Amino acid sequence: MMRTVVTGGAGFLGSHLCEQLLVAGNEVIALDNFLTGTPANVAHLLEHDRFRLVKTDVTEYVHVPGPIDQVLHFASPASPVDYLELPIETMKVGSIGTLHALGLAKEKGARFLLASTSETYGDPQVHPQPESYWGHVNPVGPRGVYDEAKRFAEALTMAYRRTHGTDTAIVRIFNTFGPRMRPNDGRAIPTFIRQALRGEPITVAGDGAQTRSVCYVDDLVNGLLLLLRSDLPGPVNIGNPHELSMLALAERIRVLTGSRSEIAFIDRPVDDPTVRQPDITLAQRELRWEPAVDLDEGLCRTIAWFRQHPQLVV
Ligand code: NAD
Numbered sequence: 611m612m613r614t615v616v617t618g619g620a621g622f623l624g625s626h627l628c629e630q631l632l633v634a635g636n637e638v639i640a641l642d643n644f645l646t647g648t649p650a651n652v653a654h655l656l657e658h659d660r661f662r663l664v665k666t667d668v669t670e671y672v673h674v675p676g677p678i679d680q681v682l683h684f685a686s687p688a689s690p691v692d693y694l695e696l697p698i699e700t701m702k703v704g705s706i707g708t709l710h711a712l713g714l715a716k717e718k719g720a721r722f723l724l725a726s727t728s729e730t731y732g733d734p735q736v737h738p739q740p741e742s743y744w745g746h747v748n749p750v751g752p753r754g755v756y757d758e759a760k761r762f763a764e765a766l767t768m769a770y771r772r773t774h775g776t777d778t779a780i781v782r783i784f785n786t787f788g789p790r791m792r793p794n795d796g797r798a799i800p801t802f803i804r805q806a807l808r809g810e811p812i813t814v815a816g817d818g819a820q821t822r823s824v825c826y827v828d829d830l831v832n833g834l835l836l837l838l839r840s841d842l843p844g845p846v847n848i849g850n851p852h853e854l855s856m857l858a859l860a861e862r863i864r865v866l867t868g869s870r871s872e873i874a875f876i877d878r879p880v881d882d883p884t885v886r887q888p889d890i891t892l893a894q895r896e897l898r899w900e901p902a903v904d905l906d907e908g909l910c911r912t913i914a915w916f917r918q919h920p921q922l923v924v
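This is the structure:
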């Protein structure tokens with residue numbers, strides 16, 4: 611039986627990962643300090659005899675007794691609202707937290723998977739973005755805390771691979787959505803759904819012409835598990851190449867929720883990327899992975915989850 615450590619295991623993606631790792635027969639140890647996640651995300655797993663949740667700040671130390679086969683490093687504030695409020699925590703978990711997680715993988719001879727991000731491409735000047743693109747990031751802008759922490763984390767991961775022979779992989783995750791996103795985390799989809807369900811104006815930044823390509827969480831987790839089980843070092847892009855404008859996304863959510871909310875235009879955040887679309891040729895070829903859940907289906911499942919948790923939509 612595989613023993614797998616997931617840092618950030620009580621977060622949005624981490625909780626879905628823990629679930630699927632349990633389904634696959636792993637023993638799962640989730641480490642989380644609940645900075646942006648919550649034990650409620652994994653409450654339904656606590657009864658499971660192969661699951662353990664340990665409150666740990668991975669910037670302080672990461673120690674897990676016994677053998678470990680896989681270390682998945684997902685701890686980090688991830689939404690712009692979170693990392694702009696928590697800039698130093700974000701930089702610490704991307705740097706010192708990654709150092710500690712890599713140290714655990716090295717000590718145990720485990721395969722290490724770093725959750726990196728499409729934000730490493732910054733406001734990209736190559737479109738769509740292949741893994742070979744080095745990015746266009748403003749290090750001193752407000753978003754630099756997240757982008758540069760992840761770029762540092764990627765470099766550190768490669769240093770462990772080259773220096774210590776640690777078996778590492780890097781995934782560059784593109785915008786992902788689904789159940790258990792926080793309605794107030796500032797990301798577009800939960801914000802639009804919350805506003806639509808409350809009948810409030812749906813706030814689109816700028817003129818809404820900027821694009822994103824959004825991936826449903828189940829597809830993303832399938833891709834992550836394929837990468838984990840492969841011996842690819844990455845970076846590998848995992849995301850859904852279906853690109854649409856933010857205005858189109860807001861309109862889709864209005865239709866699917868049956869809302870009468872109007873669309874209101876607000877200021878664009880600083881350094882907000884204009885376009886974003888993964889080139890997933892590498893994942894298609896090497897992992898035989900492709901997203902399978904289309905936008906409307908993914909949105910409907912997410913909207914259903916928000917409706918089932920009305921206490922969150924406040
Ligand atoms: P999330 O905020 O829901 O999850 C992050 C988790 O990490 C939270 O549970 C938080 O409490 C925990 N955490 C933060 N700092 C910690 C620390 N010092 N010690 C222990 N735990 C800590 O965010 P998410 O969307 O699930 O993102 C998970 C990972 O995936 C992040 O590394 C993020 O950068 C990456 N990612 C996510 C997306 C996306 O679209 N959701 C896109 C690209 C990359």
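Per my numbering, the very first residue in the sequence shown carries number 611; after that it's consecutive. We put the CB at the ideal spot given by N, CA and C, even for glycine. Please read these numbers as outputs of a predicted model, since none were measured by experiment.
Could you give the distance in angstroms between the alpha-carbon of residue i and the alpha-carbon of residue j?
i      : j      : result
Thr912 : Phe787 : 8 Å
Pro752 : Gly745 : 17 Å
Asp733 : Asp659 : 44 Å
Ile848 : Thr773 : 27 Å
Pro793 : Trp915 : 11 Å
Leu859 : Leu682 : 31 Å
Arg917 : Phe802 : 13 Å
Ser855 : Ala653 : 35 Å
Tyr756 : Met701 : 7 Å
Arg790 : Thr646 : 12 Å
Val703 : Asp841 : 25 Å
Glu741 : Gln820 : 21 Å
Lys716 : Tyr671 : 14 Å
Glu729 : Asp667 : 24 Å
Val865 : Asp906 : 10 Å
Leu897 : Tyr743 : 20 Å
Thr867 : Arg804 : 10 Å
Per DSSP, what are the beta-bridge partners of residue i in this structure?
i      : result
Lys665 : Asp642
Arg782 : Ser726 and Asn847
Tyr826 : Phe787
Gln739 : Pro888
Arg721 : Gln680
His746 : Gly732
What residues in its chain sit with their C-beta under 6 Å from that of residue i, if we drop five residues either side in the sequence?
i      : result
Ile678 : Arg613, Val615, Lys718 and Ala720
Gly624 : Val616, Gly618 and Phe684
Ser689 : Asp795, Gly796 and Arg797
His626 : Val827 and Val831
Pro883 : Asp733
Thr669 : Lys702, Val703, Ile706 and Gly707
Phe875 : Val814
Are residue i and residue j close, meaning C-beta to C-beta below 8 Å?
i      : j      : result
Ala806 : Ile873 : no
Pro843 : Ser823 : no
Leu714 : Leu837 : no
Ala893 : Gly833 : yes
Val638 : Phe661 : yes
Leu712 : Thr776 : yes
Gly621 : Asn651 : yes
Leu655 : Cys628 : yes
Leu857 : Gly908 : no
In its own chain, which residues sit with a C-beta less than 7 Å from the C-beta of residue i, not counting the 5 before and 5 after it?
i      : result
Thr727 : Lys760, Arg782 and Ile783
Ala902 : Asp829
Gly809 : Ser869, Arg870 and Ser871
Leaving out the 5 sequence neighbours to the left and right, which residues in its chain are closer than 8 Å to residue i when beta-carbon positions are compared?
i      : result
Val880 : Gly751, Pro752 and Arg753
request  = Counting only runs of 3+ residues fully inside the segment 841 to 916, write out the beta strand (DSSP E) ranges in chain order.
outcome  = 846 to 848, 853 to 855 and 873 to 876
inquiry  = Which runs of the alpha helix (DSSP H) at least 4 residues long sit entirely within the segment 791 to 827? Give them in chain order.
reply    = 798 to 808
query = Taking only runs of the alpha helix (DSSP H) that begin and end inside the segment 611 to 641, which ones reach a length of at least 4 residues, in chain order?
reply = For the segment 611 to 641, whole alpha helix (DSSP H) runs of length 4 or above, ordered along the chain, are 622 to 633.
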